[in-house]
Amino acid sequence: MKDPRKTFFTAIGILALLAVAWRAQRASTLPPISPGAQAPAFALPLLGGGMIPLSRLRGKVVLLTFWATWCDSCREEMPLLEALHRRYLPKGFTVAAASMDREGRAVMGFVAQSNLSFPVLLSDEKTAKAYQVLGLPTSYLIDRKGRIARRYVGAFDPMTLENDIIRQLDN
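Here my numbering is used: the first residue of the sequence shown is 1, the next is one more, and so on.
What follows is the structure, encoded as structure tokens:
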């Protein structure tokens with residue numbers, strides 16, 4: 001006799017794979033966001049209240065990262081992002097972390113525990129689709145004029161990211 005728990009988790013796994021494939025198929029119909037293209041505009045709620053439009057960040061080099069508290073790679077990146085934010089903030093750099101979590105409470109707890117000082121936003125499906133987010137983390141380095149400088153899918157190499165930030169700050 002089959003273990004009902006094993007059958008249940010197998011079914012959940014299959015459904016998750018189908019959802020990822022469906023989302024990838026839908027996103028593949030969008031034109032790719034290439035370096036030099038204008039970053040898609042958005043206005044997202046700021047954790048704790050208020051809204052932040054991308055236009056408010058114009059003039060800064062921005063790392064827009066899509067993440068979630070349930071994503072291990074995302075959680076591991078946060079201390080590095082905080083260090084980069086603090087180090088390069090005086091030179092005109094900021095991180096904007098767009099959480100894909102459905103519950104703001106989980107995000108608030110994680111942000112408080114991690115002492116994050118950069119803006120944490122609550123993303124939506126429309127913004128994630130505009131930025132072609134198929135998996136987490138997905139990040140974009142946006143230049144001072146609001147153009148895409150680079151896209152990072154999955155965990156990024158810390159040295160590459162820091163070098164890319166420095167290059168953009170020097171432009």
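Where a beta carbon is used, it is the ideal one built from N, C-alpha and C, also for glycine.
Note that the structure is predicted; figures quoted are calculated from it, not measured.
Practice task
Count the CB pairs spanning the stretch 94 to 110 and the stretch 55 to 72 that are closer than 8 Å, and state whether there are at least three.
Solution key: Yes: at least three Cβ pairs fall under 8 Å.
Practice task
Just mark serine 55 as buried or exposed, buried being the case when its beta carbon has 16 or more other beta carbons within 10 Å.
Solution key: Position 55 of the sequence shown holds residue 55. Burial call: exposed.
Practice task
Take the Cβ of glutamate 76 as the centre, count every other Cβ of all protein chains shown within 10 Å, and call the residue buried at 16 or more, exposed below.
Solution key: Numbered from its first residue, the sequence shown carries residue 76 at position 76. Burial state of glutamate 76 is exposed, judged by a 10 Å Cβ sphere holding fewer than 16 other Cβ atoms.
Exercise for the section: Answer yes if the stretch 112 to 120 comes into contact with the stretch 129 to 145, meaning at least three C-beta pairs across the two stretches below 8 Å, and no otherwise. Expected result: Result no; under three Cβ-Cβ pairs closer than 8 Å.
Problem - alanine 37 burial status per 10 Å Cβ neighbour count (16 or more: buried) - result: Residue numbering aside, residue 37 sits at position 37 when the sequence shown is read from its first letter. Burial state of alanine 37 is exposed, judged by a 10 Å Cβ sphere holding fewer than 16 other Cβ atoms.
Handout entry: Where isoleucine 165 falls: helix, strand or coil (DSSP)
Key = If you number the sequence shown from 1, residue 165 lands on position 165. Under the three-state reduction of DSSP output, isoleucine 165 falls in the helix class.
Handout entry: Cβ-based neighbour list, isoleucine 148, same chain, cut-off 8 Å, excluding 5 preceding and 5 following
Key = The residue labelled residue 148 in the question sits at position 148 within the sequence shown. Around isoleucine 148: Ile33, Ser34, Pro35, Gly36, Ala37, Gln38, Ala39, Tyr140, Leu141, Ile142.
Problem - Inter-residue Cα distance where the pair is lysine 145 and phenylalanine 93 - result: Residue mapping note: residue 145 aligns to position 145 of the sequence shown, counting from 1. Residue mapping note: residue 93 aligns to position 93 of the sequence shown, counting from 1. Cα to Cα, the separation comes out at about 13 Å.
Handout entry: DSSP three-state assignment for tyrosine 131, whether helix, strand or coil
Key = Working through the sequence shown from its first residue, we reach residue 131 at position 131. Coil at tyrosine 131, not helix or strand.
Handout entry: CA nearest to the CA of glycine 50, picked from Val120, Val95, Gly59
Key = For the purposes of this step, residue 50 is identified with residue 50 of the sequence shown, where counting begins at 1. When the alpha-carbon of glycine 50 is set against those of Val120, Val95, Gly59, the nearest one is in Val120.
Exercise for the section: Please confirm whether leucine 169 and valine 62 have their CB atoms less than 7 Å apart. Expected result: Reading the sequence shown from its first residue, position 169 is the one you call residue 169. Reading the sequence shown from its first residue, position 62 is the one you call residue 62. Their beta carbons are not under 7 Å apart, which means leucine 169 does not touch valine 62 by this criterion.
Handout entry: Residues near valine 153 by beta carbon distance below 6 Å, same chain, minus five either side
Key = Here residue 153 refers to the residue found at position 153 of the sequence shown. Answer for valine 153: Thr138, listed in chain order.
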